[in-house]
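In my numbering, the protein residues as written are 2 to 136.
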Amino acid sequence: MFFSVITFGVLLIIISIISIIRHDKMENIRYRECKKMHSEIIEYSNFMNEIILDLEGLINDISLINENEERDSIKKLDEDKEESDRNIKSDLNNIKDKVIELYKNGNSIDNIAKTLDKGKREVDMIIKLNYLNKK
């Protein structure tokens with residue numbers, strides 16, 4: 002009887018050891034899976050950080066390009082405005098010269114206005130301002 006109790010005890014110990022070993026193997030498998038998932042998460046996180054850095058670089062590049070294009074556009078607008086101003090002044094001087102020439106040739110204000118397709122008051126003012134500036 003003592004022998005059977007010992008045998009039963011040894012048998013329980015062996016079953017417990019087998020159960021512990023199986024449980025340990027299962028836990029090791031789960032641990033390796035968790036460790037693999039953890040490394041994949043870290044790899045994914047690093048990948049996302051690289052993408053974020055690349056996007057920030059692209060945003061900075063786009064901002065610089067926009068600033069340069071804006072600066073170039075403003076410069077072009079300024080150049081166009083200066084050219085337009087020169088053209089307007091040139092046109093006004095040409096009109097003024099034609100008005101004065103026609104007036105000196107004895108044409109009336111009405112006739113000059115019709116010839117140059119300008120208003121009578123405009124022609125009259127050009128003539129008066131020209132003679133006031135000479136005084």
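For glycine and all other residues, C-beta sits at the position ideal for the given N, C-alpha and C.
Beta-carbon gap between N67 and K97 smaller than 8 Å: Taking the first residue of the sequence shown as 1, we reach residue 67 at position 66. Taking the first residue of the sequence shown as 1, we reach residue 97 at position 96. Judged by their CB atoms, N67 and K97 are not nearer to each other than the 8 Å cut-off.
N100 versus D86 - alpha carbon distance: Here the question's residue 100 lines up with position 99 in the sequence shown. Here the question's residue 86 lines up with position 85 in the sequence shown. For clarity, residue 100 is Val in the given sequence; the question names Asn instead. Cα-Cα distance, rounded: 21 Å.
The stretch 101-109 contacting the stretch 64-80, beta-carbon criterion three pairs below 8 Å: Flag = no, the stretch 101-109 and the stretch 64-80 do not touch.
Same chain, Cβ closer than 7 Å to L54, neighbours up to 5 away in sequence not counted: Counted from its first residue, the sequence shown places residue 54 at position 53. Excluding sequence neighbours, L54 sits near nothing in its chain.
Nearest-angstrom Cα separation, counted from C35 out to T8: Taking the sequence shown and counting its residues from 1, one reaches residue 8 at position 7. Taking the sequence shown and counting its residues from 1, one reaches residue 35 at position 34. Going by the C-alpha atoms only, they are around 40 Å apart.
Reduced DSSP category for N131 - H, G, I as helix; E, B as strand; rest coil: Taking the first residue of the sequence shown as position 1, residue 131 is located at position 130. Reduced to three states, the DSSP call for N131 is helix.
Helix, strand or coil at N108 according to DSSP, with G and I counted as helix: Stepping through the sequence shown from its first residue, residue 108 is reached at position 107. Secondary structure of N108 (DSSP, three-state): coil.
Between the CA atoms of R72 and E84 - distance to the nearest angstrom: Locating residue 84 in the sequence shown gives position 83, counting from the first residue. Locating residue 72 in the sequence shown gives position 71, counting from the first residue. The alpha-carbon atoms of E84 and R72 are separated by roughly 18 Å.
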